[in-house]
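Numbering (this note's numbering), first residue to last: 7 to 363.
Ideal Cβ placement from N, Cα and C applies to all residues, glycine included.
These notes concern the structure reproduced below.
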Amino acid sequence: MPPTDFYPADYLTARQRLRDAAGRFGWMTAVHPITARGPGGGELTLDVFTSPRPAPATLILSSGVHGVEGPFGSAVQLFALNQWGNSPPVRVVLVHAVNPFGFAHRRRFNEDNVDLNRNFLLPDQRYTGSPPRYADLDPLLNPPCPPRRIDPFPLHAVWKVLKYGLPTLKQAIAGGQYDHPRGIFFGGHGPAESVRICGEQLPHWFGESGVVCHLDFHTGLGPWGSFKLLLDIQPTEQQRQWLTDRFGSDSFEVCHADGVAYDARGGFGPWCDARAQQSAGREYLFACAEFGTYGPITVLTAVKRENQAHHWGAAGSDATERAKRRLAEVFVPASAAWRSRALEQAWALVDSAARGM
C-alpha cells in the first residue's frame with residue numbers, strides 16, 4: 007500500500023481497520039465505549055491495542071486527543087502495526103481516538119466542546135480561570151453567529167499579532183480557558199469521560215515495564231510536513247541524551263510560547279507523567295509528536311469558524327459542511343506529498359524509538 011492509503015476516510019473506517027489488523031496479528035484489543043454518539047447515532051469507543059508479548063520496555067502511541075487530527079495518528083498506528091506484525095521490538099500499546107466524538111464529527115473538541123488537551127488537570131489544579139486577555143479576545147474568537155463566507159477575522163488576527171506579538175497572543179488564546187463553555191480551547195468544568203477512562207486504564211498501558219516512552223501524535227503546529235517533539239516537562243539529562251541520540255538535538259523542545267507551541271494547562275503529558283511517577287523506579291518520557299501543516303492564523307481561523315458553525319450554524323448546512331471540511335484540511339492536508347512525507351517521518355520516529363529502548 008502507498009503511504010496515502012493508510013489515511014482513513016472517517017472514524018469508523020479508522021477503527022475497523024485497526025481492529026482488523028490487530029486481530030490478524032494477535033494483538034489484544036480493549037474497547038472502551040463513551041456515552042456520546044457518532045453520526046447517525048453509532049457507538050463511539052476509545053480502543054486500545056496491545057502487542058502479544060510482555061517486555062521490560064513499553065512504547066505507547068496515542069492518537070486523536072484533538073479529534074480532527076485523528077486521521078493522521080490513526081494512519082501512523084495502522085502503518086506501524088502492519089510493519090511490526092506480531093513481533094515489534096518492544097511491547098507496544100496503541101491508544102486510538104482518545105476523543106472519538108471529535109474524530110467522528112470533524113471537531114477539535116469533544117461532545118461538551120472540551121479541548122481534551124486542556125482537561126487533564128492535576129489534583130491541585132481547578133477548572134476555573136482564563137489566560138490574561140482571553141476575555142477581551144472572546145468577542146473576536148467566539149462570535150455568536152454562523153460563519154460567513156467573507157470573514158475579516160484573519161485581518162483582525164494579523165493586527166492582534168502586530169499589537170501583542172505572536173508568543174503573547176498564542177499564550178492568551180491557546181493556553182486553556184475555563185470560563186467560556188462555547189469558546190475555543192475550553193478546558194471544561196470537570197474531567198471528561200475520556201479522561202476518566204484514561205485514568206482507569208493507564209496502569210494497564212504501563213504494564214510491568216520499567217521504561218516507558220509515550221508519543222502522542224498531533225498536527226497543526228510548525229512548518230509544513232515537518233515535526234517537532236514537544237515536551238511539557240523538562241527532560242532529565244539521560245532523557246535529553248536519548249532524544250538527541252535517537253532523533254537529533256534539534257528534534258525536540260520544551261513547550262513555551264516562543265517556540266512551536268505554548269505553555270498550556272491541562273495537558274495529557276504532565277497528567278500521564280504525574281501518574282507514572284507514582285511507581286518508584288519507572289522511567290517515563292512523554293512527547294507530543296507535532297507535525298506542521300498551515301500557518302497559525304490559517305489554523306486558528308479554521309478552528310474559530312468550525313466552532314461558530316457547531317454552536318450557531320445549522321447542522322448539515324452548506325456553511326457548516328464548508329467549515330468542517332476546512333478544519334479537516336488544515337489539520338490533515340489532502341496533499342499526497344504532505345501525507346506521504348508526514349507518515350514516512352512518523353514511522354522513522356516510531357521505529358527509532360522502539361529500537362532504541
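(request) Less than 8 Å between the CB atoms is what I'm expecting for Thr315 and Ala308, so what's the real figure, rounded? (result) Note on residue identity: the sequence assigns Ala, not Thr, to residue 315. Ala315 to Ala308, Cβ: 11 Å. No contact.
(request) Please determine if the region 207–216 and the region 60–70 are in contact, where contact requires at least 3 C-beta pairs separated by less than 8 Å. (result) yes
(message) If I follow the unbroken alpha helix (DSSP H) through Pro219, where does it start and stop?
(response) Pro is not the amino acid found at residue 219; the sequence shown has Cys there. Counting along the chain, Cys219 falls outside any alpha helix (DSSP H), though it belongs to the beta strand (DSSP E) covering Val217 to Trp230.
(message) To the nearest angstrom, how far is the alpha carbon of Cys151 from that of Thr56?
(response) 45 Å
(request) Leaving out five residues on either side along the sequence, give the residues of the same chain with a beta carbon under 6 Å from the beta carbon of Cys294. (result) Asp222, His224 and Leu236
(message) Does the contact criterion of 3 or more C-beta pairs under 8 Å hold for the region 317–331 versus the region 344–358?
(response) no
(request) Look up Met34 in the DSSP assignment and give the residues it is bridged to. (result) Thr56
(message) Nearest by alpha-carbon distance to Gly48: which of Ser346, Trp33, Arg30 and Leu18 is it?
(response) Leu18
(request) Would you check if the region 194–205 and the region 116–136 touch, i.e. whether three or more CB-CB distances between them fall below 8 Å? (result) yes
(message) Going by DSSP, what residue range makes up the beta strand (DSSP E) through Arg97?
(response) Arg97 to His102
(message) For Thr51, list the residues DSSP reports as bridge partners.
(response) Pro39
(message) Measuring only the C-alpha atoms, how far is Phe109 from Ser80?
(response) 10 Å
(request) Please state whether DSSP places Gly46 in a helix, a strand or coil. (result) helix
(message) In whole angstroms, give me the CA-to-CA distance for Phe292 and Gln283.
(response) 12 Å
(request) State the start and end residues of the unbroken alpha helix (DSSP H) segment that holds Thr250. (result) Glu243 to Phe253
(request) Reducing DSSP to helix, strand and coil, say where Phe12 ends up. (result) helix
(request) Give a yes or no on whether the C-beta atoms belonging to Gly319 and Pro153 are separated by under 8 Å. (result) yes
(message) If you measure between the beta carbons of Leu175 and Val164, is that distance less than 8 Å?
(response) no
(request) Would you check if the distance between the CB atom of Val305 and the CB atom of Gly181 is smaller than 8 Å? (result) no
(message) Alpha carbons only, please: which of Ser323, His186, Pro77 and Ser215 is nearest the one belonging to Ala286?
(response) Ser215
(request) Confirm, please, whether the CB-CB distance from Pro276 to Asp251 is below 8 Å. (result) no
(request) Using the Cα positions of Ala178 and Arg112, report the straight-line distance between them to the nearest angstrom. (result) 25 Å
(request) Indicate the three-state DSSP secondary structure (helix, strand or coil) for Phe191 in the structure shown. (result) coil
(request) Please confirm whether Phe258 and Thr299 have their CB atoms less than 8 Å apart. (result) no
(request) Using the Cα positions of Leu24 and Pro137, report the straight-line distance between them to the nearest angstrom. (result) 39 Å
(message) Report the start-end ranges of each alpha helix (DSSP H) in the region 94–180 that is 4 residues or longer and not cut off at the edges.
(response) 106–111, 140–147, 159–170 and 172–180
(message) Quick check: what's the CA-CA separation for Thr242 versus Trp248?
(response) 10 Å
(message) For a test of the three-state rule: what should DSSP assign to Ser200, helix, strand or coil?
(response) helix
(message) For a test of the three-state rule: what should DSSP assign to Gly298, helix, strand or coil?
(response) strand
(message) Measuring straight from C-alpha to C-alpha, what distance separates Ala28 and Phe159?
(response) 44 Å
(message) Helix, strand or coil for Ala270? Go by DSSP, reduced to three states.
(response) coil
(request) Can you say whether Met363 is buried or exposed, counting buried as having 16 or more other CB atoms within 10 angstroms of its CB? (result) buried
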